[in-house]
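What follows is a short report on a single structure.
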Amino acid sequence: MKIKKKPAGNRPVHERTGDYSEVEQVLNSEDRMLQASRCMDCGVPFCHWGCPVDNLIPEWNDLLYNGDWKGASDRLHFTNNFPEFTGRICPAPCEHSCVLNINEEPVTIRENEVAIVEKAFSEGYIKPSPTEIRTGKKVAVIGSGPAGMAAADQLNKAGHTVTLFEKDEKAGGLLRFGIPDFKLNKRTIDRRLDVMLAEGLEIKTGIEIGKDISSKEIMDQYDAVCIAIGAMQPRDLTIKGRELDGIHFAMEYLSQQNRVNDGAYVAYDNRITAEGRKVLVIGGGDTGSDCVGTAIRQGAKSVTQIEILPKPPDKRADDNPWPYFGKILKTSTSHEEGCERRWSMSTLRFIGMQQRVTHAEVEEVTWEKVNGSFKMIPVPETRIQLEADLILLAMGFVHPIHEGLLKELNISLNIRKNVGIDNKMSTNIKKVFATGDAVSGATLVVTAIASGRRVAKRIDNYFISGG
Ligand SMILES: Cc1cc2nc3c(=O)[nH]c(=O)nc-3n(C[C@H](O)[C@H](O)[C@H](O)COP(=O)(O)OP(=O)(O)OC[C@H]3O[C@@H](n4cnc5c(N)ncnc54)[C@H](O)[C@@H]3O)c2cc1C
Ligand code: SF4
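All residue numbers for the sequence shown refer to numbering that gives the first Met the number 0, where the first residue is 0 and numbers rise by one.
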C-alpha cells in the first residue's frame, strides 16, 4: 500500500525518434522488486484469469519481490516460452484484470515479466537443456511466428524431432518483419532461436512449403505437420484511385524498414519512405500506430491517422466493467511522437496527379445499431480532401493466404476463411494440425504462443495414442 506504481517510462521523444532502438526504458533492480511487492497475492488472481498463457503472475511476482530472480524466471517459463516478447509488446490483458485496478493503478505485470527474463538471460539462468530421450517421431512446423516457434519448442522439448520451416530469410514471423524494432529489437529473437537450436531444433528458412517444397514431400517425410502460417491476407480498400503510386499495405512498408534496419539492401526505386512526405495512415489499430512511428523516424513532413470507428472513451463504459479488457482510448508511444488522429472517417476515393497519390477524399460517419448490428451512416456535407502523398493501408488482415500450401493440401476452411480445426486442433487432413493466427485470424503474440503450446500438446497426444 505504501509503494506507488512506478513505470520504467520511455526514452525522450526527441532522442528516440532519431533511431530505431527500443523506446521503453528499464528500472533498476531494487525499484523493480518494490514494484513486484505491490502484488497482493490475491485469493482469486484475476490477472491469471486475464492472461491467455495462464501466467502464474502472483507466484513470480512474489519470487521477484524476494529477490529470487532465477526462481521467478523458472516459474515464468512454466507457462510462457517467450516472456521476452510478451514482456515487451503484449497489451497486457492481465493488467486490465488486476484486482488493484479497481481502486488503484495495476501492478506493472508486463514490465516485471520482461525484467525477470532479461535478468535471467544476463545472469546465464537461461541455458540450452537438450532433452536426452528422443521419440523418433518427426514433426514439420510450417511458419516461424510466435505460434510456430512455441509449438516447435514444446514438441522439441517433448523429445520429438522437429523442423521449423519459414519462407522468409529469417525466422520470427511478424515478430521479425511486422513489429518495428523500436518496440521489439530483433536480437531478442536471435537470442531465443540460438537456445532452441542448441536444444536440437532444426530451422530451415527461405523455404515456402507449397512452392519450394511440395506439401506432398512434407507429408511423406513427417509423422505430423503443424500449419502456423499466420493470417497474412491484408484487408484492401478497393476504391477509385487505389492503383495510384504511393499507396501501400502497412506490411509492405513495415517489413521493408525492418529489413533495412537489419542491413538489407533495397534498390532506390523500390524503397518506400516517408521522408519529406505527408503521410496518411488508414486504420487506427496497432499496425497503424507502428506505421506512424516508422514514418516519423523516416522524416515525414506530417502524419495523420484515420479510423472508421468512433473514438473510444477515456474511461471504461458501463457495459465494459473490470475485470474485462478495457476498451478505452490507447495512446501509443508512436502517437506521442507527433501525429494527428481522427475517428469516424470513411475513405471514399484517392486522388492523384501524374500517377502519384496527392489526396484522399474522406467523410465523417456515425454508427447506428440496426437489428442488433452496427450500420455506418455518412454525415452529410462532411466530405473533405486530406493532402497525402504516401498512404498506408493498415486495416487489419482478413484470413491466411489460401494459395499454395492450404490449397495444395486441400485444407477445409471455417466460416471466416481461416483454417478449420476440430477440438483436437486437427484439420480435415489426417496428421495435419494448425495453430495461431492461421486458425483464429489476426490476434496477439500472447494468444499465438498459447495456441502454439496447445497444438504441441495435441500433437503429442496424437503420438501417444498411436498416431
Ligand atoms: C505490424 C504489426 C504489429 C503488431 N504488433 C503487435 C503487438 O504489439 N503486440 C501483439 O501482441 N501482437 C501484435 N501483432 C500481432 C502479432 O504479431 C500476431 O498476432 C502474431 O505474430 C501471430 O503469430 P503466428 O505465429 O500465428 O503468425 P505470424 O507471426 O504471422 O507468422 C507466420 C509465419 O509463417 C510464414 N509462412 C507463411 N506461409 C508459409 C509457407 N507456406 N511456408 C513457410 N512459411 C510460411 C510467414 O512467413 C510467417 O513468418 C502485430 C501484428 C502486426 C502485423
Ligand atoms: S490481480 Fe494484481 S494484485 Fe492480484 S495477484 Fe494478480 S497481479 Fe497481484
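By construction, the Cβ of each residue, glycine as well, lies at the ideal position given by its N, Cα and C atoms.
Q) Which residues does DSSP pair with G351 in a beta bridge? A) Per DSSP, V356.
Q | Check whether A393 and G284 have beta carbons under 9 Å apart | A | Yes, the Cβ-Cβ distance between A393 and G284 is below 9 Å.
Q) Touching or not, the segment 380–392 and the segment 271–286, by the rule of three or more beta carbon pairs under 8 Å? A) The segment 380–392 vs the segment 271–286: in contact.
(Q) Which same chain residues end up closer than 7 Å to R74 when comparing Cβ atoms and leaving out the 5 residues on each side of it in sequence? (A) Closer than 7 Å at Cβ, skipping near neighbours: L55, E58, W59 and L62.
Q.
If I follow the unbroken beta strand (DSSP E) through T303, where does it start and stop?
A. T303 -> beta strand (DSSP E) spans S301 to I305.
Q: Using only alpha-carbon positions, find the residue among N65, E335, I108 and P129 that is nearest to T85.
A: When N65, E335, I108 and P129 are compared, the shortest CA-CA separation from T85 is found for I108.
**Q.** 8 Å CB neighbourhood of R315 in its chain, flanking five on each side removed
**A.** If we look at R315 and ignore the five residues flanking it on each side, its Cβ neighbours are W321, G325, K326 and I327.
Q: State yes or no: is the C-beta of N60 nearer than 8 Å to some heavy atom of ligand 4?
A: With respect to ligand 4, the structure offers nothing, as its ligand set consists of ligand 1 and ligand 2.
(Q) Once the 5 residues before and after Q220 are set aside, which same chain residues still bring their CB inside 6 Å of it? (A) Counting only Cβ-Cβ distances below 6 Å, and skipping sequence neighbours, we find nothing.
Q) Would DSSP call W366 helix, strand or coil? A) DSSP places W366 in strand when its eight states are reduced to three.
Q. Is L99 near ligand 2, in the sense that its beta carbon is under 8 Å from a heavy atom of that ligand?
A. Because some heavy atom of ligand 2 lies under 8 Å away, the Cβ of L99 counts as near it: yes.
(Q) Using a 10 Å radius around the Cβ and a threshold of 16 neighbouring Cβ atoms, would you call K118 buried or exposed? (A) When all chains shown are included, K118 counts as buried.
Q: Starting from the Cα of G199, find the closest Cα among F164, K156, G172 and P179 and give me that residue.
A: Among F164, K156, G172 and P179, the Cα nearest to that of G199 belongs to K156.
Q | Neighbourhood of M218 by C-beta distance below 7 Å, restricted to the same chain and skipping five residues each side | A | Excluding residues within five positions, the ones whose Cβ falls inside 7 Å are V224.
Q: List the whole-angstrom C-beta distance separating C290 from L243, where the pair is believed to meet the contact cut-off of C-beta under 8 Å.
A: In fact, because the Cβ distance is near 18 Å, the residues do not count as touching under 8 Å.
**Q.** Collapsed DSSP secondary structure at S214 in the structure displayed
**A.** When secondary structure is reduced to three states using DSSP, S214 falls in the helix class.
Q: Identify, in the order they occur along the chain, each residue of the same chain with its Cβ nearer than 8 Å to the Cβ of E168, setting aside the five sequence neighbours on each side.
A: In chain order, T204 and G205 place their CB closer than 8 Å to the CB of E168, counting only its own chain and leaving out the 5 sequence neighbours on each side.
Q. Are the CB atoms of V364 and V378 nearer to each other than 9 Å?
A. Taking C-beta atoms as the reference points, V364 and V378 count as a pair closer than 9 Å.
Q. In the structure shown, what three-state DSSP assignment does M375 receive?
A. Strand at M375.
(Q) Less than 6 Å between C-beta atoms, sequence neighbours within five positions excluded: which residues of the same chain meet that for D222? (A) So the qualifying residues of the chain are K136 and K137.
Q.
Quick check on the DSSP output: the beta strand (DSSP E) that includes H95 runs from which residue to which?
A. No beta strand (DSSP E) contains H95, which is instead part of the alpha helix (DSSP H) from P92 to S96.
(Q) Let's test the definition: count the other Cβ atoms within 10 Å of the Cβ of W366 and tell me whether it reaches 16, buried, or not, exposed. (A) When all chains shown are included, W366 counts as exposed.
(Q) Below 8 Å, how does it come out for the segment 339–348 and the segment 9–25: are there three or more Cβ pairs, yes or no? (A) No contact exists between the segment 339–348 and the segment 9–25.
Q. By Cβ distance, which residues of its chain are closer than 6 Å to T467, with the 5 residues on each side in sequence left out?
A. For residue 467 there is no data in the structure shown, the boundaries of the chain being 0 and 466.
Q: Mind checking who F324 pairs with in its DSSP beta bridge?
A: For F324, no pairing in a beta bridge is given by DSSP.
**Q.** Whole-angstrom distance between P11 and K4, CA atom to CA atom
**A.** Annotation: K4 to P11 spans about 20 Å, alpha carbon to alpha carbon.
Q. Any heavy atom of ligand 1 within a distance shorter than 8 Å of the CB on F181?
A. Every heavy atom of ligand 1 is 8 Å or more from the Cβ of F181, so no.
Q: Can you tell me which of the three DSSP states Q34 falls into?
A: Assigned with DSSP and collapsed to three states, Q34 falls in helix.
Q: Over the uninterrupted beta strand (DSSP E) stretch that includes V514, give me the two end residues.
A: In the structure displayed, the chain extends from 0 to 466; residue 514 sits before or after that span and is not available.
Q: Answer yes or no: do P6 and P51 have a C-beta to C-beta separation smaller than 9 Å?
A: No. Outside cutoff.
Q. Run through DSSP, which three-state label would E198 get?
A. Secondary structure of E198 (DSSP, three-state): coil.
Q) Can you tell me whether DSSP reads K203 as helix, strand or coil? A) Judged by DSSP in its simplified three-state form, K203 adopts strand.
Q | Minimum C-alpha distance to I458 - residue among F349, E103, A170 and A151 | A | Ranking the options by Cα distance to I458, first place goes to A151.
Q.
Measuring only the C-alpha atoms, how far is G144 from G275?
A. Distance between the alpha carbons of G144 and G275 is about 33 Å.
Q: Leaving aside the five residues before and after Y461 along the sequence, list all residues of the same chain whose C-beta is less than 7 Å from its C-beta, in chain order.
A: Annotation for Y461: A223 place their beta carbon closer than 7 Å to its own, counting only its chain and skipping 5 residues before and after.
Q) Roughly how many angstroms separate the alpha carbons of F248 and S425, rounded to a whole number? A) For F248 and S425, the distance between alpha carbons rounds to 32 Å.
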